[in-house]
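Residue numbers -13 to 186, in the numbering used here, belong to the letters of the sequence shown in order. Worksheet for the structure shown next.
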Amino acid sequence: MLDIQARRLIDPPLNRAGRALAARGVTANAVTVIGLSLGLAAAAVIALGAPGWALIPLLASRLMDGLDGAVARATHRTDFGGYFDIFSDFVFYGAVPLAFGILSPQNALPAAFLLFTFYVNGTSFLGYAIMAEKRGLETSAQGVKSLYYSAGLLEGTETIGFFVLICLLPDWFGPLSWIFGALCLVTATARLANARTLLT
-13 MLDIQARRLI
-3 DPPLNRAGRA
7 LAARGVTANA
17 VTVIGLSLGL
27 AAAAVIALGA
37 PGWALIPLLA
47 SRLMDGLDGA
57 VARATHRTDF
67 GGYFDIFSDF
77 VFYGAVPLAF
87 GILSPQNALP
97 AAFLLFTFYV
107 NGTSFLGYAI
117 MAEKRGLETS
127 AQGVKSLYYS
137 AGLLEGTETI
147 GFFVLICLLP
157 DWFGPLSWIF
167 GALCLVTATA
177 RLANARTLLT
């Protein structure tokens, strides 16, 4: 829901940084690897009992996630780069709830529910992207992407905000996860209804 507004703010500085990195020979895939490594490091820090400290690698990983696309736009985009980027995003999104589940047994059920809703929401996102590609549908509303980006109630901006919140308030992981997971299901249902309208 907030990705369009967020892209308008962050794309100009990211594009400048991306051009600077590209000029120094840094590749988009290398930035993606760094971002994924930082995201997994954040999950490890959470699992080891320091969610607050995990914010540093977590936010750095999301910066890298924005920079890899900027570097690609400054050089040349590849299908593998787009695939690797979304693959890395989903690994990161799954690792954080898993880390909270490891952190405390009382987090296990809400973490499992959250992962289920991420799975459902991710399927609604990627399944729509496949059908949109088949039909030649395109949009750049959320920035230039390698695949069709179907908007929804919860997108990347909201998810990162949620991750920051649960790192700051780890004792509230359970109730916050039930709420966020329910909203993920609302998002997936809305995408399904939208697909029913556009793809039939």
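Where is the CB? At the ideal position from N, CA and C, for every residue including glycine.
Candidates Leu26, Thr18, Ala36: which alpha carbon is nearest Met50's? Thr18
When the Cα atoms are used, what is the spatial distance from Phe166 to Gly38? 20 Å
In whole angstroms, what separates the C-alpha of Thr175 from that of Asn93? 26 Å
Straight-line Cα distance separating Ala56 from Ala3: 8 Å
Can you tell me whether Ile116 is buried or exposed? The criterion is at least 16 other CB atoms within 10 Å of its CB, across all chains shown. exposed
Note down the Cα distance separating Pro161 from Thr103, rounded to an integer number of angstroms. 15 Å
Assuming the contact rule is C-beta atoms closer than 8 Å, Tyr69 and Thr145 should be a hit. Round their C-beta distance to whole Å, please. So it is not a contact: roughly 20 Å between Cβ atoms.
Could you give the residue range of the alpha helix (DSSP H) that holds Thr175? 159 to 184
Assuming Asp54 and Asp71 form a contact by the criterion Cβ under 8 Å, report the distance between their Cβ atoms to the nearest whole angstrom. 6 Å
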